[in-house]
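Chains D and S are the protein sequences, given in the same order. Here the first sequence is numbered in UniProt numbering, starting from 1 and rising by one per residue. Here the second sequence is numbered in UniProt numbering, starting from 1 and rising by one per residue. The beta-carbon is built from N, C-alpha and C at its ideal position, and this holds for glycine as well. Predicted model, so just to flag it, every value in this text is computed and none were measured. Notes for the one structure printed next.
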Amino acid sequence: MLEIKNLHVKLEEEDKVILKGVDLTVEAGKVHAIMGPNGSGKSTLSYVLSGRDGYEVTEGSATLGGEDILDMEPEERAAAGLFLAFQYPVEIPGVGNMTFLRTAVNAQRKARGEEELSAADFLKVVREKAKALEIDANMLKRPVNVGFSGGEKKRNEILQMAMLEPKMCILDETDSGLDVDAMKLVADGVNALRDEGRGFLVITHYQRLLDHIKPDVVHILSDGRIIKTGGPELALEVENNGYAGLKAEVA
Amino acid sequence: MALPQPKTDTLAARLSGLDLPGDSGCLKVAREDALARLQATGLPARRDEYWKYTRPETLTAPEVVPAALLSDRDTPVFDDIDRVRVVFVDGVFDAEASDDLTLAGVTIERLADVDARDIHWAKDLYGVLETRGQTPVSRPLAALNTAFATDGLVIHATGKAARPVAFEYLHRNETSDAHLHHVIKVDSGADVTVLEDGPAAARFNKVMEVDVASGGTFHHVRAQGRDHERRAATHIFARLGEGSVFKTFTLTMNGVLTRNDCVVELTGDNAVAHVAGACVGDGDFHHDDTVFITHDAVACESRQVFKKVLRNGATGVFQGKILVKQGAQKTDGYQISQSLLLDDDSQFLAKPELEIYADDVACSHGSTSGAIDEEGLFYLRSRGVPESEATDLMTLAFLAEAIEEIEDQALADDILERLQAWMARRRRD
């Protein structure tokens, strides 16, 4: 599904290399987790994959379903099936959440040559999916993420994911700022989307999210490289020994 | 005091081809007074304090710069609204194209008939609010209008108007030079909405005087545009009695030169005045909102909300003033002017002013210029919304605060639809 090869990335504005050769393959139907200390390059990886400005790929490649995504515009990547759940979802005053969702869903359908959803059909689907995430009518009406609590913002990300039905989902520290109940709600939302045709890349600092979203593979990212890959037990090892222990072990 | 020579020359040139209309009665006096005011101030010049950012030459010159007619005329903005249509072609009332002017709660008549039909209230009001609005800042183009306008409507709301009155302007002559003067009187407890739409003339000078008695309500929604080459100077003069409500909103699309003055006097306690505008300009576009709100009573509220979207070298101007007179305690004054600059060539010039002589008031003002929010743009694009569409969505979001000033949702929707069409047209181009 997602194949990253020898990916090197530096900041566009300054001479700072963030990713120093990342190799990673996420297969359809699998959940991969990336863990790593602050500054290891986790968020950069998610931004580079989704096409945010400010990063320069100096070497390597990233493909989605065999298609090179690094040369695509962000909207083309989205239409190709990539979705990033933001660590800090952006507030957009003046744009209603519902308008935003419908514009996004229909833009992707259009890009893929599918028919746009009618207002009635869209409303039906969105209500159903929102309900599962405990998102009420008021939250759908309000401007995108404006005045939402941390938990509401993250649930809104998962709602977008559920509506857009991407092939490859990247979750960037979706657990940050969530209490246990909110995290469980978000995790249930993600788990409901687990599917044979869909890959997940879950980026997190802590093991606790992985109690709820059980990964198939765990990678440890440190200083721009994946230094260790293993099963779910690797997350527990981090929890017990910290990243310092792992780094020492690899070195 | 004698005018400086250049001003004398400009005024003489402008007046050389103009004769005062041949009214007999009270309008004649009002016109002569207006001409005297004009002769005292002269026409606007670049060095005048309130004309620093807008070049008045094409508005004051004797000859009109021709303006091409729009090849693809829009359907009227408020087409879906049940309204009384009043059509003006190049500033001249067109009875045939207009609806029957009978409307419950309102009498609608022509300015040209004021003397003949002895419409007392209109005689007593014509030019009065304009005169009041000449101090402390002179507005010579309005005095010129009072002196020479021959057409316009006089509207008297005595009760709740059954339908809005909609002025529809048509531009059919490339060199038309129109002066229109509307006078609107809203009685105590009466309620009327006035709509305006359409390209009016190559050069358009319009004055609207609105006198709202205590407890009266006046709403005004206007769509200017989208004729590119028009030059327009419009004035609204409003006087608000106790507990009255005055709300005006203007959408401006295109136009090489548009100057909209709005002068509001809150003379009765607890009156409310909202003055709002949204404009979108692309390229050869200059739009100037000049607002002057005077609080001269207790516990009045005023809001000024102006948003401008500028691209490809377009220019926006905002000059907004709140004057709180001595004794106008408990004033609640708010003013915001913001521009969204879509490129480095466009500019926004803002001059917010507060002048306060009462000590128990709340007045705030803010002015910003900025580019589109990159974070928001990326967020939308990451969800699959193409860049141009995402930019439009962010632009509409920027304008939302101004459009929300329109109380009637159906009217707001019409304005929004027109904006979306303007953007879609630019996406195609």
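Within a 10 Å sphere around the beta-carbon of ALA235/D sit 16 or more other beta-carbons, which makes this residue buried. For ILE92/D, the nearest beta carbon of chain S is closer than 8 Å to its own beta carbon.
Secondary structure of GLU389/S (DSSP, three-state): helix. Among the residues of chain D, none has a CB under 7 Å from the CB of SER16/S; the nearest is roughly 50 Å distant. For ARG381/S, no beta strand (DSSP E) segment is defined; the enclosing uninterrupted segment is the alpha helix (DSSP H) at 374-382. Within chain D, no residue has its CB atom less than 7 Å from the CB of LEU416/S, the nearest being about 11 Å off.
By the criterion of a C-beta distance shorter than 6 Å, GLY60/D is surrounded in its chain by LYS5, ASN6, LEU7 and HIS8, once the five residues flanking it on both sides are discounted.
Taking 8 Å as the threshold, the shortest C-beta distance from PHE398/S to chain D falls below it. In the three-state DSSP reduction, PHE100/D falls in the helix class (H, G or I).
For ILE372/S against LEU340/S, the beta-carbon gap comes to about 7 Å, under 8 Å, which counts as contact.
Contact between ILE81/S and ALA410/S is confirmed by a C-beta separation of about 6 Å, below the 8 Å threshold. Straight-line spacing of the CA atoms in ARG194/D and ASP227/S works out to 54 Å.
Excluding sequence positions up to five before and after SER149/D, its CB lies less than 7 Å from no other CB in the same chain. Contacts between GLN160/D and chain S, judged by CB atoms closer than 7 Å, involve ARG383 in chain order. DSSP, reduced to helix, strand and coil, places LYS330/S outside both helices and strands of the structure shown, so it counts as coil. Look at ARG117/S here: in three-state DSSP terms it is coil, with no helix or strand label. Taking the CA atoms as reference points, PHE285/S sits about 17 Å from GLN338/S. A Cβ of chain D is located within less than 8 Å of the beta carbon of PRO386/S. Proximity of VAL9/D to chain S, defined by a Cβ-Cβ separation below 8 Å, is not satisfied. The three-state reading of DSSP puts CYS300/S in coil, since its state is none of H, G, I, E or B.
In the structure shown, LEU342/S falls within a coil segment according to DSSP collapsed to helix, strand and coil. Inclusion of ILE213/D and VAL190/D in the CB contact set at 8 Å is warranted, their separation being smaller than that value.
If you check the CB distance, PHE83/D and LEU178/D do not come in under 8 Å. Proximity of the stretch 227-239 of chain S to the stretch 198-210 of chain S meets the contact definition, three or more beta-carbon pairs being nearer than 8 Å. By the criterion of a C-beta distance shorter than 7 Å, LYS10/D is surrounded in its chain by LYS16, VAL17, ILE18, GLU56 and THR58, once the five residues flanking it on both sides are discounted.
In this structure, PHE167/S keeps its C-beta atom at 8 Å or more from the C-beta atom of VAL275/S. Burial check for ARG418/S: the Cβ neighbour count within 10 Å reaches 16 or more, so the residue is buried. In the three-state reduction of the DSSP assignment, ILE406/S falls in the coil class, being assigned neither a helical nor a strand state.
Under the rule that a run must span 4 or more residues, no alpha helix (DSSP H) segment is found entirely inside the stretch 169-251 of chain S.
A Cβ-Cβ contact shorter than 8 Å links VAL207/S with ASN145/S. Of the candidates GLY152/S, GLY241/S, ALA147/S and GLU57/S, the residue whose Cα lies closest to the Cα of ASP94/S is GLY152/S. Look at LYS167/D here: in three-state DSSP terms it is coil, with no helix or strand label. ASP288/S: member of the beta strand (DSSP E) spanning 286-295, first to last residue.
The beta carbon of LEU101/D sits closer than 7 Å to the beta carbons of VAL126, GLN160 and MET163 from its chain, once the five residues preceding and following it are set aside; these are given in chain order. When the Cα atoms are used, ASN241/D and ASN38/D turn out to be separated by approximately 16 Å. Restricting attention to LEU24/D, ASP53/D and GLU115/D, the CA atom closest to the CA of GLU13/D is found in ASP53/D.
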